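Residue numbers (my numbering), protein chains in the order written: chain D, 6 to 436; chain U, -2 to 221.
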């Protein structure tokens, strides 16, 4: 649930409760007013009739005649002679209208009043049609619903308008943080807000980011510096070994030890060189770009590598060439690493198939078991006793692919390892 | 042949001196910027080995100074930085070569040899090793005045040995020289054997002396 919807829901529920509670209150109020007014009306009619009758000063015979006529003209307002006087009383009843019966049942409120005229007692009954209670309830409910809907629409619109504006800095900050990438060296600046809480939040986030960026930079610098610092002692060891080999008193066994040390040393140098390369890629070096074709590079590479992997067959097939944009040196390193990876893991006399089809390049070689895909592209993820590589070749490949938004994937099918590169910027979104 | 080694790491500098001295080069040392500046201003060297990060100043500044003084000394940059900018910058400033640390001494010697040859024998592009004559420009070899056909790898190897004559070159140094950065990635350097065998065979067939010797199983020596 979005932040802005939460208060909206609460407001709406509250408004609904209030409006629901208002229905019976309105009804009781309206009904009470009705009764009050009708009672008053009945009383006025009764009193005026009484007084008018009295003021006529009719004889008994005339009075009987008048009563009779009255009863025929307005049977609802009954005037009749009674035994004795009583207190006024009211009543309510539902009945059908005598004159318009298809109107259904109507509610009537009546007043029975007594008076004395010429020594005789009379009662007068006045009835008035009152609005039926279910009609009142229906009317009030309908209006309440209409108002509720109006309120709801208003709430939503106002909420969107006011809250949207109110929370705008928050969403801007959120968007900025979402697009923030520690490795791309772009600092983010938050737009100033006149709301204290947002300003404080932005300031705190800024502090966090600055801390992170500096820790990240320090770490990267450390890798680069450490690798640099290692180069000189490595060079010293290397030179001493080369000198030692010149010693005429050397035995065959000692010479073998030197050669073995040489091999281990070149492995250290290789790891160090690759770490340095990774650090440089991380540090946004090799930024210059150019557009070039992949095929000529592949051709050269296959030719060069064939010299050193004479016992393996490298087949290069190109369906169509691909023009790519990137740093040529990095692409060269990437392709070399991929091919060398295949060569190193291919047995004697086995085949390596390189297939270039437009933007897709795949390199396949035979293998008995699937590689561990989780750790394959991680630094030192694929190192093992059997593969004395630097353990960094594939992570360099991934790093280079990531820089240009290319996709690198690994598949194992029918005893075939296949590494596939798609030279299409997956980060590029066409407009 | 005089060589100036500008390097602040004494151990490395000593190794270089020790290796190159055996190659009949006369080596001098400068361990900081100012000593180096003094020496390059006062004397002429056939080749200068220049470290970039020096106490007192950058090696690139020395390079600029050499150019400013219009000196013709050959320069090989030896740097721990191995950055493309330094490499391009150095070569643009007139350096002849760039070698990243760590390196094999035979590799350095081969490069020194090549720089000196290019500088001093601009007109004659041939190397004479007894009955073997190598034309550097045409990349062709004759033995007893008869042409000997070599592959590119074999030709590179021959030059490498001549640049390190009477020195034992290890298999890894040779492998690294031939395959460049790729040597790092090769599981073993056995591909060397085949090339050595072929070169030896071709030299023998051409009736050249047996100068290329195998030492201790893993090392090679051009004895002349």
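No residue lacks a Cβ here, since even glycine has one placed at the ideal position from N, Cα and C. None of the values given here were measured: they were computed from a predicted structure.
Classification of residue i by the beta-carbon crowding that lies within 10 angstroms, buried from 16 upward
i: residue 215 of chain D; result: exposed
i: residue 139 of chain D; result: exposed
i: residue 214 of chain U; result: exposed
i: residue 199 of chain D; result: exposed
i: residue 69 of chain U; result: exposed
i: residue 148 of chain U; result: exposed
i: residue 37 of chain D; result: exposed
i: residue 257 of chain D; result: exposed
i: residue 320 of chain D; result: exposed
i: residue 301 of chain D; result: exposed
i: residue 123 of chain D; result: exposed
i: residue 5 of chain D; result: Since the displayed chain D opens at 6 and closes at 436, residue 5 of chain D lies outside it and no answer follows.
i: residue 422 of chain D; result: buried
i: residue 370 of chain D; result: buried
i: residue 92 of chain D; result: exposed
i: residue 98 of chain D; result: exposed
Where the alpha helix (DSSP H) containing residue i begins and where it ends
i: residue 183 of chain D; result: 173 to 184
i: residue 253 of chain D; result: Run containing residue 253 of chain D: none; DSSP gives neither H nor E here.
i: residue 148 of chain U; result: Where residue 148 of chain U is concerned, there is no enclosing alpha helix (DSSP H), given that its DSSP letter is neither H nor E.
i: residue 86 of chain U; result: 81 to 89
i: residue 9 of chain U; result: 7 to 18
i: residue 188 of chain U; result: 188 to 202
i: residue 135 of chain U; result: That residue, residue 135 of chain U, is in no alpha helix (DSSP H); it is neither H nor E in DSSP.
i: residue 314 of chain D; result: That residue, residue 314 of chain D, is in no alpha helix (DSSP H); it is neither H nor E in DSSP.
Residue i versus residue j: straight-line alpha-carbon distance, rounded
i: residue 177 of chain U; j: residue 308 of chain D; result: 14 Å
i: residue 105 of chain U; j: residue 280 of chain D; result: 24 Å
i: residue 132 of chain D; j: residue 155 of chain D; result: 40 Å
i: residue 169 of chain D; j: residue 408 of chain D; result: 36 Å
i: residue 18 of chain D; j: residue 161 of chain D; result: 13 Å
i: residue 444 of chain D; j: residue 263 of chain D; result: Any answer about residue 444 of chain D is impossible in this case: the structure gives chain D only from 6 up to 436.
i: residue 226 of chain D; j: residue 217 of chain D; result: 14 Å
i: residue 134 of chain U; j: residue 3 of chain U; result: 31 Å
i: residue 74 of chain D; j: residue 142 of chain D; result: 40 Å
i: residue 37 of chain U; j: residue 80 of chain U; result: 25 Å
i: residue 303 of chain D; j: residue 221 of chain U; result: 41 Å
i: residue 223 of chain D; j: residue 51 of chain U; result: 24 Å
i: residue 15 of chain D; j: residue 151 of chain D; result: 19 Å
i: residue 71 of chain D; j: residue 43 of chain D; result: 26 Å
i: residue 63 of chain D; j: residue 52 of chain D; result: 17 Å
i: residue 231 of chain D; j: residue 54 of chain U; result: 21 Å
Chain-order list of residues whose beta-carbon lies under 7 Å from that of residue i (same chain, five-residue window excluded)
i: residue 189 of chain U; result: 168, 171 and 172
i: residue 403 of chain D; result: 382 and 413
i: residue 204 of chain U; result: 140 and 141
i: residue 209 of chain U; result: 158, 196, 197, 200, 217 and 219
i: residue 228 of chain D; result: 280 and 284
i: residue 48 of chain U; result: 3, 4, 5, 56, 75 and 76
i: residue 343 of chain D; result: 368, 402 and 424
Close-in-space but distant-in-sequence residues of the same chain around residue i (CB under 8 Å, 5 per side omitted)
i: residue 354 of chain D; result: 316, 317 and 318
i: residue 28 of chain D; result: 142, 145, 146 and 149
i: residue 88 of chain D; result: 126
i: residue 54 of chain D; result: 82, 84, 129 and 131
i: residue 47 of chain D; result: 95, 114, 115, 116, 131, 132 and 133
i: residue 23 of chain U; result: -2, -1 and 0
The beta strand (DSSP E) enclosing residue i, as first and last residue numbers
i: residue 382 of chain D; result: Note, residue 382 of chain D: premise wrong, no beta strand (DSSP E); not H, not E.
i: residue 168 of chain U; result: Counting along the chain, residue 168 of chain U falls outside any beta strand (DSSP E), though it belongs to the alpha helix (DSSP H) covering 168 to 176.
i: residue 128 of chain D; result: 125 to 135
i: residue 41 of chain D; result: Run containing residue 41 of chain D: none in the beta strand (DSSP E); it sits in the alpha helix (DSSP H), 10 to 61.
i: residue 416 of chain D; result: 412 to 418
i: residue 370 of chain D; result: 365 to 371
i: residue 79 of chain D; result: Note, residue 79 of chain D: premise wrong, no beta strand (DSSP E); not H, not E.
Check: residue i C-beta below 6 Å from any heavy atom of the ligand ZN
i: residue 153 of chain D; result: Ligands are entirely absent from the displayed structure, and the ligand ZN is therefore not among its contents.
Close-in-space but distant-in-sequence residues of the same chain around residue i (CB under 6 Å, 5 per side omitted)
i: residue 124 of chain U; result: 131
i: residue 186 of chain D; result: none
i: residue 35 of chain D; result: 141
Next item on the list: Note down, in chain order, all residues in the segment 357 to 379 of chain D with a beta-carbon under 8 Å from any beta-carbon belonging to chain U.
Entry: none
Notebook entry, point to check: Taking a cut of 8 Å between CB atoms, which residues from the segment 83 to 109 of chain U lie near chain D?
Noted result: 97, 98, 99, 100, 101, 102 and 103
Check: For the segment 242 to 258 of chain D, which residues have a beta carbon sitting closer than 7 Å to at least one beta carbon of chain U?
Finding: 243, 244, 245, 247, 248, 250, 251, 255 and 257
Check: Mind listing which residues of the segment 297 to 315 of chain D have their C-beta closer than 9 Å to chain U's C-betas, in chain order?
Finding: 309, 310, 312, 313, 314 and 315
Checklist line | Short-range partners of chain D found in the segment 195 to 220 of chain U, where Cβ spacing is below 8 Å | finding: 212, 213, 214, 215 and 216
Next item on the list: Could you run through the segment 222 to 242 of chain D and flag, in chain order, every residue whose CB is less than 7 Å away from some CB of chain U?
Entry: 233, 236, 237, 239, 240 and 241
Next item on the list: Pull out every residue of the segment 317 to 338 of chain D whose Cβ sits closer than 9 Å to any Cβ of chain U, in chain order.
Entry: 334 and 338
Next item on the list: Give the residues from the segment -2 to 11 of chain U that approach chain D closer than 8 Å (Cβ to any Cβ), ordered along the chain.
Entry: 6, 8 and 9
Margin query: Short of 9 Å Cβ to Cβ, which residues in the segment 14 to 25 of chain U face chain D?
Written below: 15, 16 and 19
Item checked: Residues within the segment 152 to 175 of chain U neighbouring chain D, beta-carbon criterion of under 9 Å -> 164, 165, 166, 167, 168, 169, 170, 172, 173 and 175
Checklist line | Selection of the segment 181 to 209 of chain D by Cβ proximity to chain U, strictly under 8 Å | finding: none
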